[in-house]
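Peer 1: Chains as they are written, first to last, in this note's numbering: chain A, 10 to 248; chain B, 10 to 248.
A single structure is presented below for examination.
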């Protein structure tokens with residue numbers, strides 16, 4: 010289990026999760042799984058990671074999660090939790106050390122509403138590169154993304170805080186971060202041109218220890234992304 | 010405020026929410042708003058309701074919630090919460106009486122995963138009637154809906170419980186119910202033919218006091234739905 014290499018169809022099923030640990034089924038370059046990795050890192054939770062070959066999934070993984078998606082968590086009792094926001098809220102509840110959500114019900118609701126808004130931004134990170142690849146004019150989509158960024162920028166300006174949930178990092182920042190980390194890779198960095206507060210937020214984020222711990226080098230991202238776009242994702246690139 | 014009639018553009022903005030109450034901005038026939046109405050009723054929360062004309066929204070409502078969607082909650086401090094699952098979790102946290110979510114983090118995660126699955130069922134309740142209206146062959150869509158129902162049925166069979174979260178009603182039952190209440194209206198009742206446990210669940214649900222309190226008569230639903238399909242929704246039908 011001390012390998013980062015991905016497990017594929019035909020691999021032997023792992024044993025139970027050791028007591029005192031939680032297991033994350035992940036994929037090294039998946040932004041959704043990165044949300045859970047960030048929360049595990051930020052809260053300092055003892056865990057082990059098993060990376061899954063998403064093109065050729067192990068049978069035993071599909072038994073644990075019939076949807077076959079990462080992130081998926083498993084605890085020593087064999088309980089399985091999936092879907093990135095659900096895994097992160099689960100970790101927040103089970104591991105009370107270093108709370109990432111505000112204590113008040115309204116504070117929690119605000120974070121969920123921000124996440125719901127952000128879920129409408131995520132598709133642009135896929136639609137624009139896909140459109141470009143197909144030789145389409147993506148300027149309208151880029152315009153829409155810039156508008157979404159302007160709203161996020163306005164939110165930071167109105168709040169007068171360094172992060173989306175206040176003056177320190179909270180859950181919502183980690184939920185949004187993985188896509189901003191890929192801005193350069195997706196050739197979308199210019200979309201931040203008119204949103205200085207949002208740009209400063211991205212700079213602040215890169216200083217966070219959990220963000221640093223979960224990040225790949227630009228070169229590694231590029232190589233994986235190339236293999237992904239060619240239809241042959243190299244899940245083990247760089248290992 | 011003691012009217013159920015809907016508020017439209019040009020109406021006077023309401024005053025603050027009275028102390029000790031919460032206000033729901035709703036629409037009498039909206040299944041998403043019904044989720045929140047069910048939770049308010051089940052938990053016996055003191056509240057007032059203001060129905061919104063969704064075709065011609067009041068300016069003051071758009072100021073409170075720029076998305077202009079129901080359900081939206083407002084508390085006496087002027088804090089605003091929207092998006093149906095977020096409003097329901099908020100109510101669950103603020104009003105601890107009669108808990109609708111299980112106490113354990115895994116129990117809560119299970120309810121969220123079930124809700125996530127169910128969110129993939131909801132579109133069928135719109136796509137099938139729409140397709141029929143346009144004279145399309147909807148048999149494939151009906152087949153897919155029946156498969157989704159079969160999964161829900163299997164879930165009840167495996168759990169050997171009367172409801173989706175155990176032997177009494179919990180949050181997930183209320184989150185799913187509004188669409189089942191409209192099965193006859195949507196001419197989809199035959200899709201329950203091969204799923205006896207799910208059918209029994211719908212029968213059990215109609216015996217619940219909160220479900221009864223939030224229900225309209227078949228005749229009222231039909232009249233509203235007709236006006237809705239004709240593009241002139243009569244939000245005040247029957248008042």
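Even glycine gets a Cβ: it sits at the ideal position worked out from N, Cα and C.
State the CB to CB distance for the pair residue 204 of chain B and residue 149 of chain B, rounded to an integer number of angstroms; the pair is presumed to be in contact (CB under 8 Å).
Peer 2: The pair is not a contact, with the Cβ atoms about 18 Å apart (cut-off 8 Å).
Peer 1: Beta-carbon separation of residue 49 of chain B and residue 56 of chain B under 8 Å?
Peer 2: Remark: C-beta atoms of residue 49 of chain B and residue 56 of chain B approach each other more closely than 8 Å.
Peer 1: Check residue 116 of chain A in the structure and name its three-state DSSP category.
Peer 2: Residue 116 of chain A carries a helical assignment under DSSP once its states are collapsed to helix, strand and coil.
Peer 1: If you measure from the beta carbon of residue 88 of chain B to each beta carbon in chain A, is any gap under 8 Å?
Peer 2: yes
Peer 1: Listed in chain order, which residues of the segment 92-123 of chain B have Cβ atoms closer than 9 Å to some Cβ of chain A?
Peer 2: 92, 94, 95, 96, 98, 99, 100, 101, 102, 103, 113, 114, 115, 117, 118, 119, 121 and 122
Peer 1: Near residue 136 of chain B, which residues of its chain fall below 7 Å by C-beta distance, leaving aside the five closest residues on each side in sequence?
Peer 2: 150
Peer 1: Quick check: residue 157 of chain A and residue 130 of chain A, are their CB atoms within less than 8 Å of each other?
Peer 2: Taking C-beta atoms as the reference points, residue 157 of chain A and residue 130 of chain A count as a pair closer than 8 Å.
Peer 1: What are the start and end residues of each continuous alpha helix (DSSP H) run of 4 or more residues lying completely inside the segment 59-93 of chain B, in chain order?
Peer 2: 68-73
Peer 1: Is it the case that the segment 179-196 of chain B contacts the segment 33-47 of chain B, given that we only count it when at least three CB pairs across the two stretches are under 8 Å?
Peer 2: yes
Peer 1: Return no unless some Cβ of chain B is closer than 8 Å to the Cβ of residue 125 of chain A.
Peer 2: yes
Peer 1: Just to check my reading of the structure: residue 185 of chain B and residue 127 of chain B have Cβ atoms closer than 8 Å, yes? What is that Cβ distance to the nearest angstrom?
Peer 2: 5 Å
Peer 1: What's the gap between the Cα of residue 10 of chain B and the Cα of residue 154 of chain A?
Peer 2: Its pLDDT being 49, under 50, residue 10 of chain B is placed unreliably in this model, and the value from its coordinates should be taken loosely. Near 40 Å, if we compare the C-alpha coordinates of residue 154 of chain A and residue 10 of chain B.
Peer 1: Using the beta-carbon count (16 or more within 10 Å), is residue 94 of chain B buried or exposed?
Peer 2: buried
Peer 1: Taking the alpha-carbon of residue 216 of chain B as reference, which of B:247, B:235, B:230 and B:182 has the nearest alpha-carbon?
Peer 2: B:182
Peer 1: What first and last residue would you give for the alpha helix (DSSP H) that runs through residue 181 of chain A?
Peer 2: 180-190
Peer 1: Got a sec? Which residues, its chain only, sit under 6 Å from residue 73 of chain B by beta carbon, not counting five neighbours each side?
Peer 2: 89
Peer 1: Go through its chain and collect everything with a Cβ distance to residue 18 of chain B's Cβ below 8 Å, but skip five positions before and after it.
Peer 2: 62, 65, 66, 67 and 68
Peer 1: If you draw a straight line from the alpha carbon of residue 32 of chain B to that of residue 161 of chain A, how long is it in whole angstroms?
Peer 2: 28 Å
Peer 1: Rounded to the nearest angstrom, what separates residue 133 of chain B and residue 245 of chain B at their Cα positions?
Peer 2: 26 Å
Peer 1: Just how far apart, CA to CA, sit residue 234 of chain B and residue 96 of chain A?
Peer 2: Taking the straight line joining both Cα atoms gives about 39 Å.
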